[in-house]
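Chains as they are written, first to last, in my numbering: chain A, 962 to 1208; chain B, 5 to 299. Note that beta-carbon positions come from the ideal geometry of N, C-alpha and C, so glycine has one too. Have a look at the structure below before the remarks.
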Amino acid sequence: MPETARAHASGVDAAEPMLRIENLHAWYGESHVLHGVNVDVHPGEVVTLLGRNGAGKSTTLKSIMGIMPRREGSIRIQGEETIARPAHRIARCGVAFCPEDRGIYATLNVAENLELPPPVRPDGLSTDEVLALFPNLQGRLRSAGSKLSGGEQQMLAIGRILRTGARLLLLDEPTEGLAPSIVSQIGDTIRKLKEQGYTILLVEQNVRFAMTVADRYFILDQGRITDAHDKASFEDNFESLMASLGV
Amino acid sequence: MDLFGVPIQALLGQLMLGIVNGSFYAVLSLGLAIIFGVLKIVNFAHGAFFMLGAFVAFMAGSYLGIDYWAALLIAPLVVAGIGMLFEYLFLRRVYGLDPIYGLLLTFSLVLVLEGGFRVAFGSSGQAYATPEALRGAINLGFMILPEYRAFVVAASVTVCLATWYVIERTRLGAYLRAATERSELTGAFGINVPLLVTLTYGAGVGLAAFAGVLAAPIFHVNPSMGSTLVIIVFAVVVIGGLGSIFGAVVTGLGLGIVEGFTRVFYSEFSSTIVFLVMVLVLLVRPAGLFGRTEG
């Protein structure tokens, strides 16, 4: 792995997290929505952010991508500080974002949506490999993005960021509003990606779904991390956590 | 042969002239629509860039001996460069603010440019010779059409089609449409949206300058040549639907023709008809003929 070799050569700790967020603050206009969030995600992990509506989960992902109007603190991706960078340069660090509303462009067809993000790393999937992963999209390449079903849009949104070669994926509620069969297909995809060494930061309301894929959990409340669990401790404290999340 | 008591020759003649005017409206409103789509700025300076295109061609011709054909290529590039500099230094500071700021800023550029050229060249205007190859006329049977006017229509239609092709069929066009629809998300995909915005502004005002060079041999090259035209072009863009590229082109040509016909039947009304159409369209379709309604 050239990355590891470089990390050793430059004397950086080999256990450098894929993503390290320290003391992150973010604002929408006058409203201060994140109050010092700390999260770390290690290579190959699936980490889930849980919390009530408005706790700051999506805001955390948007802050990582640099699309919040104002953010402060530190966000390092593979050791590189990105807090002062514009969004398009953050994407080029090898991080890709699948937004809550899926972000499918209505004025672009499926092929254009899929091929919109420029590759940022050499080992992204080809269009054919994405279509093999999501056969539902086959034969729809010329359809307008707005003509797809919710499930197809979600597959397009995930497939689109796999083409870029980004190894850190931020998925914002990928199962929201989808039929159970599609949810299980998304779950299979996330597990497959994890096997292939992708690092995933997941925001989920569907805790039972999250438990089928996550290695670790952070609980957000009112813009702060209030709790963190690994797989075992999350399962041990399941009842009280569910109560505190209001689900 | 008469139609509604008007000789058909006169009718077809005005139709042709309407198409020539409509070509200018189409190229100008196309640029305005592209700029509005990506920047969400109503580019009040569009007429000034049109005028600048004509003046760059005129100055290149009289000081450097650059002929019309070279000017048709060079002037839009020079004006695009000036536009991009304006966007980079000034315009980008008002994005996300109340639209009135963009309007005032671009309007102030109109005052500066028009005032500057008025000081340098006076208000009366400079003649710009029609290129030699196009000095003839074509006999269409119902009218004698100057070759140059036919060329204006052909060049405008070609430029509109080429612009459409770039926007709808190329990767750059997909970036542009993506940035038009959701600029923030497009940046998060690794696309340099600020650069795309600068290029879009350059392309939009470059189109205006292209129309300006086309207009130079027909109108006198004068500092206010853009202001008179741009008012109608704004009406065209509003009728077509702000930000609709297809709508801008079709409405531009269509309104040129409507104007032409009006000139036959009630010529005093020909400069007002566009605004009457605008009022009627807005009453029925507030988002314009080809505009998408929000929500």
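Leaving aside the five residues before and after residue 39(B) along the sequence, list all residues of the same chain whose C-beta is less than 7 Å from its C-beta, in chain order. As a working mapping, residue 39(B) is identified with position 35 in the second sequence. Closer than 7 Å at Cβ, skipping near neighbours: 45, 47, 204, 205, 208.
C-beta atoms of residue 1065(A) and residue 1106(A) nearer than 7 Å: Here residue 1065(A) refers to the residue found at position 104 when the first sequence is read from its first residue. Here residue 1106(A) refers to the residue found at position 145 when the first sequence is read from its first residue. Yes. Within cutoff.
Whole-angstrom distance between residue 75(B) and residue 65(B), CA atom to CA atom: Here residue 65(B) corresponds to residue number 61 of the second sequence, with the count starting at 1. Here residue 75(B) corresponds to residue number 71 of the second sequence, with the count starting at 1. Rounded to whole angstroms, residue 65(B) to residue 75(B) spans 8 Å at the Cα level.
Pull out every residue of the segment 1064–1075 of chain A whose Cβ sits closer than 8 Å to any Cβ of chain B, in chain order. 1064, 1066, 1067, 1068, 1069, 1073
What whole-angstrom Cβ distance do residue 1058(A) and residue 1151(A) have, given they're in contact under 8 Å? Looking up residue 1058(A) in the first sequence gives position 97. Looking up residue 1151(A) in the first sequence gives position 190. No, residue 1058(A) and residue 1151(A) are not in contact; Cβ-Cβ is about 15 Å, not under 8 Å.
Could you name the residues that DSSP lists as bridge partners for residue 992(A)? Within the first sequence, numbered from 1, the residue matching residue 992(A) stands at position 31. According to DSSP, which records beta bridges pairwise, residue 992(A) is partnered with 989(A).
Under the three-state reduction of DSSP, which class applies to residue 1195(A): helix, strand or coil? For the purposes of this step, residue 1195(A) is taken as the residue at position 234 of the first sequence. Looking at residue 1195(A) - three-state DSSP - the assignment turns out to be helix.
Alpha carbon to alpha carbon, how far is residue 186(B) from residue 271(B)? Locating residue 186(B) in the second sequence gives position 182, counting from the first residue. Locating residue 271(B) in the second sequence gives position 267, counting from the first residue. Taking the straight line from one Cα to the other gives about 45 Å.
Quick one: which chain B residues come within Cβ less than 7 Å of residue 1026(A)? Counting from one through the first sequence, the residue named residue 1026(A) turns up at place 65. Going along chain B in sequence order, the residues near residue 1026(A) (Cβ under 7 Å) are 192.
Quick one: what does DSSP say residue 1162(A) is sitting in, helix, strand or coil? Within the first sequence, the letter at position 201 stands for residue 1162(A). Strand, per DSSP.
Could you tell me the boundaries of the alpha helix (DSSP H) in which residue 928(A) lies? Here chain A has residues from 962 to 1208 only, and residue 928(A) is not among them.
Sequence-distant residues of its chain with Cβ nearer than 6 Å to residue 1187(A) (five each side left out): For the purposes of this step, residue 1187(A) is taken as residue 226 along the first sequence, with counting starting at 1. Here the set comprises 1180.
Do you know whose CA, among 237(B), 27(B), 122(B), 19(B), lies nearest residue 159(B)'s CA? Sequence index remark: in the second sequence, residue 159(B) carries index 155 (1-based). Answer by Cα proximity: 27(B).
Assuming the contact rule is C-beta atoms closer than 8 Å, residue 281(B) and residue 262(B) should be a hit. Round their C-beta distance to whole Å, please. Here residue 281(B) is taken as the residue at index 277 of the second sequence, counted from 1. Here residue 262(B) is taken as the residue at index 258 of the second sequence, counted from 1. Between residue 262(B) and residue 281(B) the Cβ distance is about 7 Å, and since that is below 8 Å, they are a contact.
Please give the ranges of any alpha helix (DSSP H) in the segment 1083–1132 of chain A, keeping only runs that are unbroken, at least 4 residues long and fully inside the region. 1088–1094, 1111–1123
Would you say the segment 82–91 of chain B touches the segment 17–26 of chain B, given that touching needs at least three Cβ pairs under 8 Å? no
Can you list the residues of chain B that residue 1125(A) reaches, using a CB-CB cut of under 9 Å? Taking the first residue of the first sequence as position 1, residue 1125(A) is located at position 164. Neighbours of residue 1125(A) on chain B, chain order: 193, 194.
So if I threshold CB-CB distances at 9 Å, which residues from the segment 267–291 of chain B count as touching chain A? none
Can you give the beta carbon distance from residue 94(B) to residue 108(B), rounded, assuming they're within the 8 Å contact cut? Residue 94(B) sits at position 90 when you count from the first residue of the second sequence. Residue 108(B) sits at position 104 when you count from the first residue of the second sequence. At roughly 11 Å, the Cβ-Cβ gap does not stay under 8 Å, so residue 94(B) and residue 108(B) are not in contact.
Report yes if the CB atom of residue 183(B) is closer than 7 Å to the CB atom of residue 190(B), and no otherwise. The count along the second sequence starts at 1 and reaches residue 183(B) at position 179. The count along the second sequence starts at 1 and reaches residue 190(B) at position 186. Yes, they are a contact pair.
Assess, as a yes-or-no matter, whether the segment 1065–1080 of chain A is touched by the segment 1014–1027 of chain A under the definition of 3 or more beta carbon pairs within less than 8 Å. no
For residue 198(B) and residue 90(B), what's the separation of their Cα atoms in angstroms? Within the second sequence, numbered from 1, the residue matching residue 198(B) stands at position 194. Within the second sequence, numbered from 1, the residue matching residue 90(B) stands at position 86. Using only the alpha carbons, I get a separation of about 14 Å.
Under three-state DSSP, which class holds residue 1189(A)? Mapped onto the first sequence, residue 1189(A) falls at position 228. Strand at residue 1189(A).
Contacts of residue 186(B) in chain A (Cβ-Cβ under 8 Å): For the purposes of this step, residue 186(B) is taken as the residue at position 182 of the second sequence. Correct list: 1064, 1066.
Determine the direct distance from the alpha carbon of residue 1038(A) to that of residue 1045(A), and round the result to whole angstroms. Numbered from 1 along the first sequence, position 84 holds the residue referred to as residue 1045(A). Numbered from 1 along the first sequence, position 77 holds the residue referred to as residue 1038(A). Approximately 13 Å, taken between the alpha carbons.
Counting only the same chain and skipping the five closest in sequence on each side, list residues whose C-beta sits under 6 Å from that of residue 964(A). The sequence position of residue 964(A) within the first sequence is 3, counting from 1. The pLDDT assigned to residue 964(A) is 43, lower than 50, so where the model puts this residue is not dependable, and the model offers no usable value.
Is there contact here, the segment 983–992 of chain A with the segment 1023–1031 of chain A, by at least three beta-carbon pairs under 8 Å? yes
Quick check: residue 292(B) and residue 58(B), are their CB atoms within less than 7 Å of each other? To locate residue 292(B), count along the second sequence from 1; it is residue 288. To locate residue 58(B), count along the second sequence from 1; it is residue 54. No, these two residues do not count as a Cβ contact at 7 Å.
My assumption, with CB atoms under 8 Å, is that residue 295(B) sits in contact with residue 18(B). Please give the rounded CB distance. The count along the second sequence starts at 1 and reaches residue 295(B) at position 291. The count along the second sequence starts at 1 and reaches residue 18(B) at position 14. Incorrect: roughly 29 Å between the Cβ atoms, too far for contact.
What does the Cβ neighbour count give for residue 1153(A), buried or exposed, with the cut at 16 atoms within 10 Å? Position 192 of the first sequence, counted from the start, is the residue given in the question as residue 1153(A). With fewer than 16 Cβ atoms within 10 Å of its Cβ, residue 1153(A) is classed as exposed.
Can you give me the C-alpha to C-alpha distance between residue 135(B) and residue 225(B), rounded to a whole angstrom? Here the question's residue 135(B) lines up with position 131 in the second sequence. Here the question's residue 225(B) lines up with position 221 in the second sequence. Those two C-alpha atoms are separated by around 15 Å.
To the nearest angstrom, how far is the alpha carbon of residue 172(B) from that of residue 1182(A)? Counting from one through the second sequence, the residue named residue 172(B) turns up at place 168. Counting from one through the first sequence, the residue named residue 1182(A) turns up at place 221. Looking at the two C-alpha atoms, the distance is approximately 45 Å.
Buried or exposed: where does residue 1133(A) fall if 16 or more other Cβ atoms within 10 Å of its Cβ makes it buried? Taking the first residue of the first sequence as 1, we reach residue 1133(A) at position 172. Label assigned to residue 1133(A): buried.
The segment 1074–1093 of chain A: positions lying closer than 7 Å to chain B by Cβ: 1077, 1078, 1079, 1081
Reducing DSSP to helix, strand and coil, say where residue 117(B) ends up. Counting from 1 along the second sequence, the entry for residue 117(B) is found at position 113. Helix.
Could you check which residue in 1079(A), 1048(A), 999(A), 1126(A) has the C-alpha nearest to that of residue 188(B)? As a first step, residue 188(B) is located in the second sequence; it is residue number 184 there, counting from the start. Taking only the C-alpha atoms, the option nearest residue 188(B) is 1048(A).
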